[in-house]
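Chains as they are written, first to last, in the numbering used here: chain A, 59 to 170; chain B, 4 to 118. Where is the CB? At the ideal position from N, CA and C, for every residue including glycine. Worksheet: one structure, shown below.
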């Protein structure tokens with residue numbers, strides 16, 4: 059079965075370090091998204107991609123970057139981790155405009 | 004800009020009772036509307052979606068939702084709640100057209116079910 063896999067599931071890092079969260083999907087979807095989930099805020103869009111070599115900023119993109127070199131992967135990089143980036147991060151993918159999102163199981167990141 | 008409001012942060016119902024979770028959206032045109040459910044430690048699972056047509060939408064696990072354009076609402080309902088329905092529920096709105104389903108989510112409603 060097709061799926062979307064995030065790694066690691068849990069990560070603890072120190073302030074100022076660079077961190078990369080992996081997202082890999084086998085749906086062959088063009089569209090991929092990164093959200094962060096925080097209490098009281100629901101899910102907020104960080105970055106998204108409509109296809110290979112395409113990346114776009116979401117509503118909370120400061121301090122994050124993504125790159126899309128193939129269809130399957132959209133890694134999320136925190137350039138210099140900050141305590142405000144402690145959160146649960148979800149990757150998602152979709153087939154076309156209006157299609158439902160398929161979510162990974164999330165990565166819990168703690169920045170100390 | 005599109006937005007979603009879920010006015011109830013936390014709801015408690017007894018097993019077997021009916022359930023209604025509220026969702027109000029703001030969007031300038033006809034939206035796509037979704038309800039997702041999240042169990043602890045898991046990602047989000049799609050319950051149901053509305054694109055067009057019949058305003059009463061049936062989903063998985065016995066859930067349904069009704070789109071009311073005049074009230075900008077898309078409330079989720081279930082006639083009889085089961086203990087396994089305890090989870091967090093998210094309403095989301097997306098734009099029709101365009102090349103991707105970029106969704107805006109509400110802040111969620113946590114459902115507790117008492118036995």
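Check your understanding: How is the beta strand (DSSP E) around residue 81 (chain A) delimited, first residue to last?
Key -> Taking the first chain and counting its residues from 1, the one referred to as residue 81 (chain A) is at position 23. That run of the beta strand (DSSP E) goes 77-83.
_Using the Cβ count rule (16 or more neighbours within 10 Å means buried), how would you classify residue 128 (chain A)?_
Along the first chain, one-based indexing puts residue 128 (chain A) at 70. The residue is exposed, with fewer than 16 neighbouring Cβ atoms inside 10 Å.
Less than 8 Å between C-beta atoms, sequence neighbours within five positions excluded: which residues of the same chain meet that for residue 74 (chain B)? Taking the first residue of the second chain as position 1, residue 74 (chain B) is located at position 71. Around residue 74 (chain B): 27.
Margin query: Quick check on DSSP: helix, strand or coil for residue 67 (chain A)?
Written below: Along the first chain, read from residue 1 onward, the residue named residue 67 (chain A) stands at position 9. Of the three classes helix, strand and coil, the one that applies to residue 67 (chain A) here is coil, per DSSP.
Original post:
Can a CB atom of chain A be found closer than 8 Å to the CB of residue 102 (chain B)?
Top reply: Counting from one through the second chain, the residue named residue 102 (chain B) turns up at place 99. Because residue 102 (chain B) sits at a pLDDT of 49, beneath the cut-off of 50, its placement in the model cannot be relied upon, and the point is left open.
Since residue 95 (chain A) sits in a beta bridge, which residues does DSSP pair it with? Translated into the one-based positions of the first chain, residue 95 (chain A) becomes position 37. Residue 95 (chain A) is bridged to A:101 and A:146.
| request: Give the interface partners of residue 134 (chain A) over in chain B, defined as CB-CB distance under 8 Å, in chain order. | output: Numbered from 1 along the first chain, position 76 holds the residue referred to as residue 134 (chain A). Under the 8 Å cutoff, chain B gives no residues; its nearest Cβ is about 15 Å from residue 134 (chain A).
Q: Rank B:110, B:12 and B:51 by C-alpha distance to the C-alpha of residue 63 (chain B) and give the top, closest one.
A: As a first step, residue 63 (chain B) is located in the second chain; it is residue number 60 there, counting from the start. If we check each option's Cα against that of residue 63 (chain B), B:51 comes out closest.
| said: Assuming the contact rule is C-beta atoms closer than 8 Å, residue 112 (chain B) and residue 48 (chain B) should be a hit. Round their C-beta distance to whole Å, please. | reply: Position 109 of the second chain, counting from 1, holds the residue named residue 112 (chain B). Position 45 of the second chain, counting from 1, holds the residue named residue 48 (chain B). With a Cβ gap of about 15 Å, residue 112 (chain B) and residue 48 (chain B) do not count as contacting.
Is the beta carbon of residue 95 (chain B) closer than 8 Å to that of residue 39 (chain B)? Residue mapping note: residue 39 (chain B) aligns to position 36 of the second chain, counting from 1. Residue mapping note: residue 95 (chain B) aligns to position 92 of the second chain, counting from 1. Inclusion of residue 39 (chain B) and residue 95 (chain B) in the CB contact set at 8 Å is warranted, their separation being smaller than that value.
Please return the same chain residues whose Cβ sits closer than 6 Å to the Cβ of residue 153 (chain A), not counting the five positions on each side in sequence. Position 95 of the first chain, counted from the start, is the residue given in the question as residue 153 (chain A). If we look at residue 153 (chain A) and ignore the five residues flanking it on each side, its Cβ neighbours are 87.
*Taking only beta carbons into account, state which residues of the segment 98-118 of chain A come closer than 9 Å to chain B, listed in chain order.*
98, 99, 100, 101, 102, 103, 106, 107, 108, 109, 114, 116 and 117
> Of the residues that make up the segment 45-68 of chain B, which ones have a beta carbon closer than 7 Å to any beta carbon in chain A?
Replying inline: 45, 46, 47, 49, 52 and 54
Among the candidates B:65, B:110 and B:72, whose CA atom is the shortest distance from the CA of residue 19 (chain B)?
For the purposes of this step, residue 19 (chain B) is identified with residue 16 of the second chain, where counting begins at 1. It is B:65.
Check: Quick one: does residue 71 (chain B) have its CB under 8 Å from some CB of chain A?
Finding: The sequence position of residue 71 (chain B) within the second chain is 68, counting from 1. It does not; no Cβ of chain A falls within 8 Å.
Margin query: With the cut-off set at 8 Å, would you say residue 83 (chain A) and residue 117 (chain A) are in Cβ contact?
Written below: As a first step, residue 83 (chain A) must be located in the first chain, where it is residue number 25. As a first step, residue 117 (chain A) must be located in the first chain, where it is residue number 59. No; because the gap between Cβ atoms is not below 8 Å, this pair is not in contact.
Notebook entry, point to check: Apart from the five residues on each side of it in sequence, which residues of its chain come closer than 8 Å, Cβ to Cβ, to residue 60 (chain B)?
Noted result: Within the second chain, the letter at position 57 stands for residue 60 (chain B). Counting only Cβ-Cβ distances below 8 Å, and skipping sequence neighbours, we find 51, 52, 53, 67, 68, 69 and 70.
Note to self: Buried or exposed for residue 141 (chain A), going by 16 or more other Cβ atoms inside 10 Å?
What the structure shows: The residue given as residue 141 (chain A) occupies position 83 in the first chain. Label assigned to residue 141 (chain A): exposed.
With 16 other CB atoms within 10 Å as the buried threshold, where does residue 67 (chain A) fall? Walking along the first chain from the start, residue 67 (chain A) turns up at place 9. Exposed: under 16 other Cβ atoms inside 10 Å.
- Limits of the unbroken beta strand (DSSP E) element including residue 14 (chain B): By 1-based counting over the second chain, the position of residue 14 (chain B) is 11. Here the beta strand (DSSP E) through residue 14 (chain B) covers 13-17.
Check: If we count the other Cβ atoms within 10 Å of its Cβ and call it buried at 16 or more, is residue 102 (chain B) buried or exposed?
Finding: Position 99 of the second chain, counting from 1, holds the residue named residue 102 (chain B). Per-residue confidence for residue 102 (chain B) stands at a pLDDT of 49, beneath the threshold of 50, marking its modelled position as unreliable; the derived number appears in the next sentence. Around the beta-carbon of residue 102 (chain B), fewer than 16 other beta-carbon atoms lie within 10 Å, marking it exposed.
Q.
Against chain B, does residue 162 (chain A) count as a neighbour if the rule is that its beta carbon must be under 8 Å from one of theirs?
A. Mapped onto the first chain, residue 162 (chain A) falls at position 104. It does: the Cβ of residue 162 (chain A) has a partner Cβ on chain B nearer than 8 Å.
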